[in-house]
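Visitor:
Residue numbers (the numbering used here): 4 to 443.
#1: So, with DSSP's three-state summary, where would you put residue 385?
#2: Use the C-beta contact count for residue 220: other C-beta atoms within 10 angstroms, 16 or more gives buried, fewer gives exposed.
#3: Quick test of the definition: if touching needs 3 or more C-beta pairs under 8 Å, does the segment 369–385 touch the segment 338–355?
#4: Do residue 185 and residue 104 come within 7 Å of each other at the CB atom, strictly closer than that value?
#5: Considering only C-alpha positions, which residue in the set 72, 322, 60, 55 is nearest to residue 285?
#6: Judging by CA-CA distance, which residue of 86, 243, 265 is the nearest neighbour of residue 252?
#7: By how many angstroms is the C-alpha of residue 300 removed from the C-alpha of residue 51?
#8: Between residue 255 and residue 212, what straight-line distance do the alpha-carbon atoms span, to the nearest angstrom?
#9: Could you name the residues of the same chain whose beta carbon sits closer than 7 Å to that of residue 15, not counting the 5 residues immediately before and after it, in chain order?
#10: Tell me whether residue 312 sits in a helix, a strand or coil according to DSSP, three-state version.
#11: Run through DSSP, which three-state label would residue 218 get?
#12: With residue 185 as the anchor, note down where its beta strand (DSSP E) starts and where it stops.
#13: In chain order, what residues of the same chain have a beta carbon less than 7 Å from the beta carbon of residue 290, not counting five sequence neighbours either side?
#14: Nearest to residue 440 by CA position, among 207, 81, 408, 57, is which residue?
#15: Would you be able to state if there are at least three C-beta pairs under 8 Å between the segment 402–411 and the segment 59–79?
#16: Jot down the residue ranges of each uninterrupted alpha helix (DSSP H) in the segment 321–398, minimum 4 residues, whole runs only, in chain order.
#17: Determine the extent of the beta strand (DSSP E) in which residue 47 is found, giving its start and end residues.
#18: Among all the DSSP beta bridges, which residues are the ones paired with residue 12?
#19: Take the Cβ of residue 391 as the centre, count every other Cβ of all protein chains shown within 10 Å, and call the residue buried at 16 or more, exposed below.
#20: Should the segment 385–404 be regarded as contacting the segment 113–128, the criterion being three or more beta carbon pairs within less than 8 Å?
#21: Taking the DSSP output, what are the residues bridged to residue 279?
#22: Taking the C-alpha atoms as reference points, what is the distance between residue 435 and residue 364?
#23: With a 10 Å radius around its C-beta and 16 neighbouring C-beta atoms as the bar for buried, classify residue 75 as buried or exposed.
#24: Note down the Cα distance separating residue 345 from residue 97, rounded to an integer number of angstroms.
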């Protein structure tokens, strides 16, 4: 497209996004605000061959993470064989002892896995993080595709791009499988003040599921029912929950929660309802456990990772903590207690005093931290102020796990708003763009 076409296209598409109500909310320092994430019209293009490689890597990783979760809550072979230190698993905030022995339908824990990837400057892919609790962001590239077709329909006539909107069919089919003939599917939202409420309502509407608020669900005889506006009562077979583990059942977890459904865990443990994703998945996407995923892959599959982790160091080990303390300026340090892009420290940006302070914190609480090599991630073109600019980016891909795993042929590509920023995350202010998977 020509420069003036790009400018007009970007402005019009962002107006359409606003009209559709595409927003992302941010909680920070006790305050909540909704904001529109700017959309960039230049797509992130991935060839068919490159995507096939990514797809294999995502399937491998998703399978192993699900296997790990079953093992942790059942057989514990990975602990007995000393692949991962027992104390790192059971001290994780994501580990839920209340989930021990629960058998989810079809053995699936990670129904929807969001996996964050990025390329380095040479084009090699790395996995940055796994989102196995409440992965969000899938609706944005789908709505972007719809808006682009309205504003610039000629683009898709000139380019053979895989249609990314089949995600809705994949999600619906998986929810139907997880209902297992017991009732209907609902999307459980904590409410309008949740940062991703737009996505909750979008996915419910597009899949034909019922959007339910916590007060809409009741438990009778260990079964879950939806009691709607007109007091109609419908049996619920699966709940795509967007409520955090600790709030999902005030009778089992956080007693003060008004976002959950009392006694829902009893119904879940008896096999009367499926929870998507399973409660207790946080132990597998804990930042410390990330360090062990390559070992998991070799342990469960006897294979090397198809897509590697960023090289990382765990202060639990004396050799690693010594390396971290001596090389902070070369590393990215992550605080395990924080999520959403917070608690990420770039050693190269620290003063001598700040380095010494961080060294003290790491010595004091080594289990709180993980460190990674600083990778020079690839920059993508964006259209800003009438010209091409370059920004660091990452990509969130999604794997749908029903009876069989399926990698969605699409992804959320995010980029930094600030030219100097290294952190690509919505709370820090980022933009997003469509991801084109080419057909040939």
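Ideal Cβ positions, reconstructed from N, Cα and C, are used throughout, including at glycine.
Guide: Quick look at the numbers:
#1: strand
#2: buried
#3: yes
#4: no
#5: 72
#6: 265
#7: 25 Å
#8: 26 Å
#9: 154
#10: strand
#11: helix
#12: Run containing residue 185: none; DSSP gives neither H nor E here.
#13: 337, 339, 373
#14: 57
#15: yes
#16: 321–329, 355–367
#17: 42–49
#18: Its beta-bridge partners do not exist; DSSP assigns none.
#19: exposed
#20: yes
#21: 243
#22: 35 Å
#23: buried
#24: 17 Å
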